[in-house]
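Contents: one structure, followed by commentary.
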Amino acid sequence: MQKKYLNPNQSDTPIRNPLATRWEQSAWLGPLMIVLAALVVYISTLSYSFQFDDVQQILENKRIRTLKPWWEYKGNRRTFFMFISALNYHFFEYKVAYWRVFNIAVHIGNALLVRWLVLLMFSTPVLKESPLSKSKAAIALFTALLFT
Numbered sequence: 000m001q002k003k004y005l006n007p008n009q010s011d012t013p014i015r016n017p018l019a020t021r022w023e024q025s026a027w028l029g030p031l032m033i034v035l036a037a038l039v040v041y042i043s044t045l046s047y048s049f050q051f052d053d054v055q056q057i058l059e060n061k062r063i064r065t066l067k068p069w070w071e072y073k074g075n076r077r078t079f080f081m082f083i084s085a086l087n088y089h090f091f092e093y094k095v096a097y098w099r100v101f102n103i104a105v106h107i108g109n110a111l112l113v114r115w116l117v118l119l120m121f122s123t124p125v126l127k128e129s130p131l132s133k134s135k136a137a138i139a140l141f142t143a144l145l146f147t
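Just so it is clear: in the sequence shown, position 19 is 18 by numbering that gives the first Met the number 0, and no numbers are missing.
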């Protein structure tokens, strides 16, 4: 239930907080903010070259030059990374900007998933009755932004 604020001109007429109403009713506002935040943070990296461990993990890694099913990379401690790198190499070879676009998309996808999981947690019986549930949209957004 939303907190009601009294209109200063008519003290007996309760009104809703318009920001809270918009925040709760908008299904696209949170995801849009996550996408925009990720773009603002990462867009400048599109022109960067491969950095730090990219040389060893991407440029010098011959295992990623052949695309195989993901389970064939099993045994490597970074199975998912190896598969994704092979996929990137298959489509883009060493064009850094495309690798970065893909990684930005992964960051955005992870953040959206975290937001959804936090909102899902607030539908559990314990958190549904919690005072924090009034701020679930904001909590989900800020938690997701940490993963962006």
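For every residue, glycine included, the Cβ atom is placed at its ideal position computed from N, Cα and C.
By the three-class DSSP mapping on this structure, what secondary structure does residue i have?
i: Asn109; result: helix
i: Lys67; result: coil
i: Ser122; result: coil
i: Lys133; result: helix
i: Asp53; result: helix
i: Gly29; result: helix
Here's the rule I'm using: 16 or more other beta-carbon atoms within 10 Å means buried, otherwise exposed. How should residue i be labelled?
i: Phe75; result: Sequence check: residue 75 is Asn here, not Phe. Result: exposed.
i: Ile42; result: exposed
i: Arg77; result: exposed
i: Ala143; result: buried
i: Trp98; result: buried
i: Pro88; result: In the sequence as presented, Pro is not what sits at residue 88; that position holds Tyr. Under this definition Tyr88 is a buried residue.
i: Val105; result: exposed
Checking 8 Å against the spacing of the C-beta atoms, do residue i and residue j come in under that value?
i: Thr147; j: Ala96; result: no
i: Ala85; j: Leu116; result: no
i: Leu126; j: Ser134; result: no
So which of the options has the shortest CA-CA distance to residue i?
i: Lys94; options: Phe49, Tyr72, Leu28; result: Phe49
i: Arg64; options: Phe51, Ala26, Met81, Asp53; result: Met81
i: Glu92; options: Thr123, Ile57, Arg114, Gly108; result: Ile57
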